[in-house]
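Counting with the numbering used here, you get residues 837 to 998 for the letters of the sequence shown.
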Amino acid sequence: MLLIIVSASVLFLFVKMEEMRSLKEKIAAFESQARKSHGRLPDIKSLQSRKEYLVDAIIKEEKKYYTRMEIDPYRFSIIVRERLLANNMKIQKYKTAEVKDQVYLEFSLSGSALDLMNFLKYSSTFEKYWYMPFLSIDSNKNDGSITSVMRMNYETLDSSDW
């Protein structure tokens, strides 16, 4: 009986020593992984700086969109018409067009190619985003004059499903 108890104790001790060796190997592997991953992580200051940069970029980008409270198709048409006239474009016809639940302003214009180019440059660099899904230009005259049809809208943040 004593022999059985001693044998069981030695066996138990051997199993526990093997478990301890296995656990020490796992601890060493985890410590090694932790040292490697710690060297790869950026420091808190650079993460905070990056976060502030991205928040500022989002705020600047949001300012380029209209809100529903500051614009409507009527007010937008006034802005566009004033800019077209300031660029010496003649408005032949103006109407609103509904396409897929969107209201667009459609202008039929005439004027010089340079004046149209100046208007397009202005509209693409305006402080707010304008959307022009359709533009046709006919320049069949030799004097540099063109006729054009364009469809425009303004971009709003709250019109999308962000």
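From the three backbone atoms N, C-alpha and C, an ideal C-beta is built for every residue, glycine too.
The model shown is predicted, which means the values in this text are computed figures rather than measured ones.
Could you have a look at M988 and say whether DSSP puts it in helix, strand or coil?
-> DSSP places M988 in strand when its eight states are reduced to three.
Among E963, E888, S972, which residue has its Cα nearest to the Cα of E898?
-> Distance from the Cα of E898 is smallest, within the candidate group E963, E888, S972, for E963.
Specify the secondary structure class of K900 as computed by DSSP and reduced to three states.
-> If DSSP states are grouped into helix, strand and coil, K900 belongs with coil.
Tell me where the beta strand (DSSP E) around K926 begins and ends.
-> Bounds of the beta strand (DSSP E) holding K926 are 926-935.
Extent of the continuous beta strand (DSSP E) run through D974 = That run of the beta strand (DSSP E) goes 966-974.
By a C-beta neighbour count over all protein chains shown, 10 Å radius and 16 as the cutoff for buried, is L971 buried or exposed?
-> Here L971 is exposed: its Cβ has fewer than 16 other Cβ atoms, across all protein chains shown, within 10 Å.
Run the CB neighbour count on N976, radius 10 Å, all protein chains shown included, and call it buried at 16 or more, exposed below.
-> By the neighbour-count rule (16 or more Cβ atoms within 10 Å), N976 is not buried but exposed.
Between the segment 922-933 and the segment 885-896, do three or more beta carbon pairs fall short of 8 Å?
-> Put simply, the segment 922-933 does not touch the segment 885-896. Fewer than three CB pairs are less than 8 Å apart.
Can you tell me the Cβ-Cβ gap for P969 and V939, rounded? I've got them flagged as a contact below 8 Å.
-> Actually they do not touch by this definition, with Cβ atoms about 12 Å apart.
Please report how far the alpha carbon of A806 lies from the alpha carbon of D879, in whole angstroms.
-> There is simply no residue 806 to check, as the chain begins at 837 and stops at 998 in what is shown.
Beta-carbon proximity list for L952, same chain, < 8 Å, skipping 5 on both sides | Taken in chain order, the residues that qualify are N923, M925, L945, I973, I982, S984.
Close-in-space but distant-in-sequence residues of the same chain around R919 (CB under 8 Å, 5 per side omitted) | Excluding sequence neighbours, R919 sits near F955, Y958, S959.
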